[in-house]
Amino acid sequence: MTAHGPYSCGLDAALDIVGGKWKSLILWALAETPALRFGELRREVAGITEKMLIQQLRQMEADGLIHREVYREVPPRVEYSVTDFGRSLNEALTPLGDWGERHMQRIAGREARL
């Protein structure tokens, strides 16, 4: 272990938080609106299963990336929003998303060759 804990560098730490395909897509969807309900979020993140969305939201809440607000009403309502910490990660991911946009055709072609 280093002075930075289990991480060898900042990129290592960032990738640990964002890990996998879904968290960045969930953050992206939440960044566009003040808050989304579970069903709205599921529609925004194409291809994610209900089980995976639940798992990812729990991890993201535990990591402090999103806030879960439970409204005590009938029927119960839960909304998810991005925290300042999550917003800062989204800002860091923006250049990566721009890079992906510029190179999407090449990347898609690579996938077809595999």
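Start counting the sequence shown at 5; every next residue gets the next number (the numbering used here). Even for Gly, the Cβ is constructed at its ideal location relative to N, Cα and C.
Opposite V74 in the DSSP bridges: which residues? Locating residue 74 in the sequence shown gives position 70, counting from the first residue. V74 is bridged to V82.
Where does M5 sit, in a helix, a strand or coil, going by DSSP? Within the sequence shown, the letter at position 1 stands for residue 5. Only weak support is given to the placement of M5: the predicted model assigns it a pLDDT of 49, under 50, and the question is left unresolved by the model.
Assuming L57 contacts L69 under a Cβ cut-off of 8 Å, what Cβ separation, rounded to an integer in Å, is found between them? Residue numbering aside, residue 57 sits at position 53 when the sequence shown is read from its first letter. Residue numbering aside, residue 69 sits at position 65 when the sequence shown is read from its first letter. Incorrect: roughly 14 Å between the Cβ atoms, too far for contact.
Do you know offhand how far R91's Cα is from G101's? On the sequence shown, residue 91 is found 87 positions in, with the first residue counted as 1. On the sequence shown, residue 101 is found 97 positions in, with the first residue counted as 1. Those two C-alpha atoms are separated by around 15 Å.
Quick one: what's L40 bridged to in DSSP? Sequence index remark: in the sequence shown, residue 40 carries index 36 (1-based). According to DSSP, which records beta bridges pairwise, L40 is partnered with Y84.
Anyone know if the C-beta pair for M64 and K25 falls short of 8 Å? Taking the sequence shown and counting its residues from 1, one reaches residue 64 at position 60. Taking the sequence shown and counting its residues from 1, one reaches residue 25 at position 21. Result no, Cβ atoms of M64 and K25 do not sit closer than 8 Å.
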